[in-house]
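So that you can map any letter, position 247 of the sequence shown is 1646 in this note's numbering, and since no number is skipped, the others follow by simple counting.
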Amino acid sequence: MAAEPTAHELLRKHRPTLDQALEAIRTRAYWSPHPEHPKAYGENGSLDAAAGKAAFDALLGNRLDLADQPGIDDWVGGEVSPYGIELGVTYPHPDIDVLLPAMRAGQRAWRDAGPELRAVVCLEILKRISDRTHQFAHAVMHTSGQAFMMAFQAGGPHAQDRGLEAVVYAYAEQVRTPEQAEWTKPQGKRDPLVLTKRFTAVPRGIGLVIGCNTFPTWNGYPGLFASLATGNAVLVKPHPRAVLPLALTVRIARDVLAEAGFDPNLVALAAERPGEGIAKTLALRPEIKIIDYTGSTAFGDWLETNAHQAQVYTEKAGVNTVIVHSTDDYQGMLSNLAFSLSLYSGQMCTTPQNLLIPRDGIATDQGHKSFDEVTADLARAVDGLLGDDARANALLGAIVNPDVKARLEAAAGLGEVALASREVAHPEFPGAVVRTPVIVKLDGAKPDDEAAYMSECFGPVSFAVAVDSAADAVELLRRTVREKGAMTVGAYTTDAATEQAVEEACLEEAAQLSLNLTGGVYVNQTAAFSDFHGSGGNPAANAALTDSAFVANRFRMVEVRREA
């Protein structure tokens, strides 16, 4: 049996990684301690592909045991994979009147541990999650509908990177103020005034993480680890269709905390009964002082309006826009856009929805292309990318819920269809609902069309919107971001003035911009330690993953001063 890790051992093991992460957020250069390739796992305690799949299979049809979590009053479950299989896993249902006081009991010792020890305990949790990346990949795949490789990368190393990023920002903000200071104020001929001052980062209380269905770990880890690293206990309330990845996370976190000598109830799980809506109840509890939420605008707005006792961080919905004005790499542009529209069936908060294209066409390295030619060529690019069913399944994954399927089917009636969606059979999972994207042509000058393209249509739906000019495109972009929000903006232009206008609009409306992407980087992907996910400056999100503002208000600095 392995010995429990001491504080010294955790510092020796993880301090180098913490220092490297501090340097990464300073330089914004590429860095990651978590391998992206599945074959990188299988040594030094990590599970290889076969062991990870076996560990996932062993969970199916069983209780995920958190038997030492206080206040268990029932066992609940009901997850069905978007690939058509019932997971059959059950989870502890909490009596929150028992659980919340138990969670608060361990905060004093966790607070007194200090920022450095808290950080390395969090890094140990992330290391053990990383060791089980193959298991997590299957858990994410069968709750989100992501294809396996995307579930492996986005649900594994990329999510772990975002968790580590939150830890290192939290650490940096807490140590910005010294733990102790000697203060001496001269008094002329009199003796100086001398005080000893001690400064302690004090947690707000219990953080509540409200998980999402599509990216349970990627979107869940920043808030979880930002709150934990700043001294708060964390209650994880997963989406009822995506409990397993976050339940596994909670189990690992509780094990590490206990082994390191802390109360495991600093991290707990709140699974719910079907239709219970426990998130609203928890969000208004006076013990909950921080809320992290990813999901619909309606519930995000409700949290911001009603959870007055808590610091609320939301990532909601937006209408992401790409301006297609001109390009010197037409085929590269089409390929890049086709991949962006197809990845995970458009079920990403960063997927482009509106493609603003001048109705008179665009200039390209292959000559002038009319609006109709651009839309037809883009449709062919998507068809070419997804023409092989095996490749289509690997890129698209499965439709995550019936609402997405219904929106996809309704979109074809909104305008002229440039690319029709088709069904794709999945050879391994016949119950999977797999659909290719639809592209619908709309006119930006028609009020009837505006209702469609100015509303978020989450899923594999995009609109090619005809506009009168580059200036009109920029103005529509600006209005869309201001009124509806955007997680991402893209633009293709060879004209310096147009580029400057787009950039200025994004700076003024606080939207993250990608220009002229034609290679292997896509508008709907962001890299931890370098790219900011969202800005917190437009209606799509009130926070960015991850920056100083995301962590600094999860603790307060409290001073105790004494005469020396």
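No residue lacks a Cβ here, since even glycine has one placed at the ideal position from N, Cα and C.
These numbers were taken from a predicted model, which means no experiment stands behind them.
How far does the alpha helix (DSSP H) with Gly1562 in it reach, from first residue to last? Per DSSP, Gly1562 belongs to the alpha helix (DSSP H) from Pro1556 to Gln1573.
Tell whether a beta-carbon distance below 8 Å holds between Phe1949 and Ala1940. Ala1940 sits away from Phe1949, with the two beta carbons spaced by 8 Å or more.
Measure the beta-carbon distance from Gly1505 to Asn1664 and round it to whole angstroms, keeping in mind my assumption that it falls under 8 Å. 6 Å between Cβ atoms; contact.
Measure the alpha-carbon distance for Asp1464 versus Ile1651 and round it to whole angstroms. Approximately 11 Å, taken between the alpha carbons.
Close Cβ partners of Ala1904 (< 7 Å) along its chain, the five nearest in sequence each way excluded: Excluding sequence neighbours, Ala1904 sits near Val1873, Leu1876 and Arg1877.
Inter-residue Cα distance where the pair is Tyr1692 and His1767: CA-CA distance, Tyr1692 to His1767, rounds to 45 Å.
Give the DSSP bridge partners of Asn1380, in chain order. One cannot answer for residue 1380 here, as it falls past the ends of the chain, which runs 1400 to 1963.
Would you please state the rounded distance, in angstroms, between the beta carbons of Val1832 and Val1601? I believe it to be under 8 Å. The Cβ separation is near 48 Å, so there is no contact.
Compute the Euclidean distance between the alpha carbons of Leu1683 and Asn1705, then round it to the nearest angstrom. Straight through space, the alpha carbons of Asn1705 and Leu1683 are spaced by roughly 7 Å.
Could you pull out every residue in the same chain whose Cβ sits closer than 6 Å to the Cβ of Met1747, ignoring the five residues on either side in sequence? Short of 6 Å from the beta carbon of Met1747, and not among the five residues preceding or following it, lie these beta carbons of its own chain, in chain order: Asn1923.
So the alpha helix (DSSP H) Asn1792 belongs to, where does it begin and stop? Where Asn1792 is concerned, the enclosing alpha helix (DSSP H) stretches over Asp1788 to Leu1795.
Which residue marks the beginning of the alpha helix (DSSP H) containing Trp1430, and which one marks its end? Going by DSSP, Trp1430 is part of no alpha helix (DSSP H) at all; its letter is neither H nor E.
Could you pull out every residue in the same chain whose Cβ sits closer than 6 Å to the Cβ of Val1562, ignoring the five residues on either side in sequence? It should be noted that the sequence gives Gly, not Val, for residue 1562. Only Leu1525, Tyr1620 and Phe1624 meet the Cβ criterion.
Sort Arg1758, Asn1719 and Thr1726 by Cα distance to Pro1751 and report the nearest one. If you compare the alpha carbons of Arg1758, Asn1719 and Thr1726 with that of Pro1751, the shortest gap goes to Asn1719.
With a CB to CB cut of under 7 Å and the five nearest residues on each side skipped, what residues in its chain are close to Ala1538? Sequence-distant partners of Ala1538 (beyond 5 residues in either direction) whose C-beta falls short of 7 Å from its own C-beta, in its chain, are Phe1455, Leu1643, Pro1644 and Leu1647.
Would the beta-carbon of Val1880 fall within 8 Å of that of Leu1912? Not closer than 8 Å, so no.
Segments of 4+ residues assigned as alpha helix (DSSP H) that fall wholly inside the stretch 1875-1935: Fully enclosed alpha helix (DSSP H) runs of 4 or longer: 1895-1908.
8 Å Cβ shell around Glu1703 - same chain, five flanking residues per side excluded: Contacts found: Val1711, Thr1713 and Asn1941.
Give me the residue from Thr1893, Glu1907, Thr1897 and Asp1930 with the minimum Cα distance to Thr1917. Of Thr1893, Glu1907, Thr1897 and Asp1930, the residue nearest in Cα terms is Thr1893.
CB contact flag (Arg1507, Ile1689, <8 Å): Not in contact: Arg1507 and Ile1689 (Cβ atoms no closer than 8 Å).
With DSSP as the reference, label Asp1473 as helix, strand or coil. In the structure shown, Asp1473 sits in a strand (DSSP, three-state: E or B).
Measuring straight from C-alpha to C-alpha, what distance separates Pro1493 and Ala1669? Take the alpha-carbon of Pro1493 and the one of Ala1669: they are about 6 Å apart.
Helix, strand or coil at Arg1960 according to DSSP, with G and I counted as helix: Looking at Arg1960 - three-state DSSP - the assignment turns out to be strand.
Through-space distance from Leu1498 to Gln1468, alpha-carbon basis: Approximately 8 Å between the Cα atoms of the pair.
What's the gap between the Cα of Ile1761 and the Cα of Ala1896? Cα to Cα, the separation comes out at about 15 Å.
At which residues does the beta strand (DSSP E) containing Asn1753 begin and terminate? Following the DSSP letters along the chain, one finds Asn1753 inside the beta strand (DSSP E) bounded by residues Asn1753 to Pro1757.
Going along the chain, which residues of its own chain have a beta-carbon closer than 6 Å to the beta-carbon of Ala1512, five neighbours each way excluded? Answer for Ala1512: no residue qualifies.
Throw me the rounded Cβ distance for the Ala1659 and Val1520 pair, which I believe falls under 8 Å. A Cβ-Cβ distance of about 5 Å is found for the pair Ala1659 and Val1520, placing them in contact under the 8 Å criterion.
Could you pull the start and end residues of the alpha helix (DSSP H) that Pro1644 belongs to? It spans Leu1643 to Glu1658 - the alpha helix (DSSP H) in which Pro1644 sits, taken as one unbroken run.
Alpha-carbon spacing of Phe1614 relative to Ala1553, whole angstroms: Answer to the nearest angstrom: the Cα atoms are 8 Å apart.
Would Asn1461 be called buried (16 or more neighbouring beta carbons within 10 Å of its own) or exposed? With fewer than 16 Cβ atoms within 10 Å of its Cβ, Asn1461 is classed as exposed.
Taking the Cβ atom as the reference point for each residue, do Pro1437 and Ala1449 lie within a distance shorter than 8 Å? Between Pro1437 and Ala1449, the C-beta gap is not smaller than 8 Å, which leaves the two residues out of contact.
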